[in-house]
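Undergrad: Mapping the sequence shown onto the working numbering, position 93 (from 1) lands on 93, and the numbers just tick up by one.
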Amino acid sequence: MYVKSKDKFFEQTNSILKLSEETFKRILKFQIVAWGGTVVNLGVLWILKGKLGVNVVIAGACAIELAIIHNFTWHFFVTWKDRVKRNLRDYIIRLLKYNVVTASIDFTVNLGILWLLTTYFNVHYLVADIIGMLAGPLFKFLANEFLIFGRKKHYEKSIGKSE
Numbered sequence: 001m002y003v004k005s006k007d008k009f010f011e012q013t014n015s016i017l018k019l020s021e022e023t024f025k026r027i028l029k030f031q032i033v034a035w036g037g038t039v040v041n042l043g044v045l046w047i048l049k050g051k052l053g054v055n056v057v058i059a060g061a062c063a064i065e066l067a068i069i070h071n072f073t074w075h076f077f078v079t080w081k082d083r084v085k086r087n088l089r090d091y092i093i094r095l096l097k098y099n100v101v102t103a104s105i106d107f108t109v110n111l112g113i114l115w116l117l118t119t120y121f122n123v124h125y126l127v128a129d130i131i132g133m134l135a136g137p138l139f140k141f142l143a144n145e146f147l148i149f150g151r152k153k154h155y156e157k158s159i160g161k162s163e
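1) Hey, out of Val33, Ala59 and Trp80, whose CA is closest to Leu111's CA?
2) According to the neighbour-count rule (16 or more other Cβ atoms, all chains shown, within 10 Å of its Cβ), is Leu114 buried or exposed?
3) Would you mind sorting Asp106 into buried or exposed? The rule is 16 or more other CB atoms within 10 Å of its CB.
4) Evaluate contact between the stretch 87–99 and the stretch 64–78, counting only Cβ atoms and requiring at least three cross-stretch pairs below 8 Å.
5) Note down the Cα distance separating Leu88 from Phe76, rounded to an integer number of angstroms.
6) For Tyr120, is the classification buried or exposed, using 16 other Cβ atoms within 10 angstroms of its Cβ as the cut-off for buried?
7) With DSSP as the reference, label Ala63 as helix, strand or coil.
8) Can you name, in chain order, every residue of its own chain whose Cβ lies under 7 Å from the Cβ of Asp90, other than the five neighbours on each side?
9) Does Phe121 come out as helix, strand or coil in the three-state DSSP assignment?
10) What is the rounded straight-line gap between the Cα of Val44 and the Cα of His124?
11) Enumerated in chain order, which unbroken segments of the alpha helix (DSSP H) with a length of 4 residues or greater are wholly contained in the stretch 32–85?
12) Given this structure, state the Cα-to-Cα distance separating Ile64 from Val109, to the nearest angstrom.
13) Assuming Phe141 and Ile47 make a contact with CB atoms under 8 Å, what is their CB distance in whole Å?
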């Protein structure tokens, strides 16, 4: 009896440690993709606002949307690749969900801060954009982890969770 409970303890501990390692790796991938999205966002904003003179809110919205598509594509093929079906239908359905969730956060937090800081505090638009981008990553990770790329049932079975 002691041996069985000891074995069960080590088995459960290993499952938790494995999950923690997997979660850590996923967060790391998420952050690397986010930095790439930051470059896309700032580049598009700089071109549209800085070079072409587009209104800061319109330029910011375009920059956010292109960064969203960039980030989703990397998350689909890299960050959460173990939780997706590699077909166009799954890609489009998840992209639509991702776009709604991420855009809700980005357009509320990022664009709101961009508008507020440039309009009322005369902060340079690129600085305001960076401040806005720093505000939402935790919300976005959690939304992706649980809403967009939820675990598959066989994945949960492999880590010892019951259905």
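Glycine is no exception: its CB is placed at the ideal position from the N, C-alpha and C atoms.
All values derive from a computational prediction rather than experimental measurement.
TA: Checking against the coordinates, here is how it stands:
1) Translated into the one-based positions of the sequence shown, residue 111 becomes position 111. It is Ala59 whose Cα lies nearest to the Cα of Leu111.
2) Locating residue 114 in the sequence shown gives position 114, counting from the first residue. Buried, by the Cβ-count rule.
3) For the purposes of this step, residue 106 is taken as the residue at position 106 of the sequence shown. By the neighbour-count criterion, in which 16 or more other beta carbons inside 10 Å mark a residue as buried, Asp106 falls on the buried side.
4) Yes, the stretch 87–99 is in contact with the stretch 64–78.
5) Within the sequence shown, residue 88 is the residue found at index 88, counting from 1. Within the sequence shown, residue 76 is the residue found at index 76, counting from 1. Cα to Cα, the separation comes out at about 11 Å.
6) Walking along the sequence shown from the start, residue 120 turns up at place 120. Classification of Tyr120: exposed, given that the 10 Å Cβ count is below 16.
7) Along the sequence shown, one-based indexing puts residue 63 at 63. If DSSP states are grouped into helix, strand and coil, Ala63 belongs with the helices.
8) As a first step, residue 90 must be located in the sequence shown, where it is residue number 90. Only Val84 meet the Cβ criterion.
9) Counting from 1 along the sequence shown, the entry for residue 121 is found at position 121. Reduced to three states, the DSSP call for Phe121 is coil.
10) Residue numbering aside, residue 44 sits at position 44 when the sequence shown is read from its first letter. Residue numbering aside, residue 124 sits at position 124 when the sequence shown is read from its first letter. When the Cα atoms are used, Val44 and His124 turn out to be separated by approximately 15 Å.
11) Segments of the alpha helix (DSSP H) lying fully in the stretch 32–85: 56–74.
12) To locate residue 64, count along the sequence shown from 1; it is residue 64. To locate residue 109, count along the sequence shown from 1; it is residue 109. In a straight line, the C-alpha of Ile64 is about 11 Å away from that of Val109.
13) To locate residue 141, count along the sequence shown from 1; it is residue 141. To locate residue 47, count along the sequence shown from 1; it is residue 47. That pair is no contact at about 28 Å.
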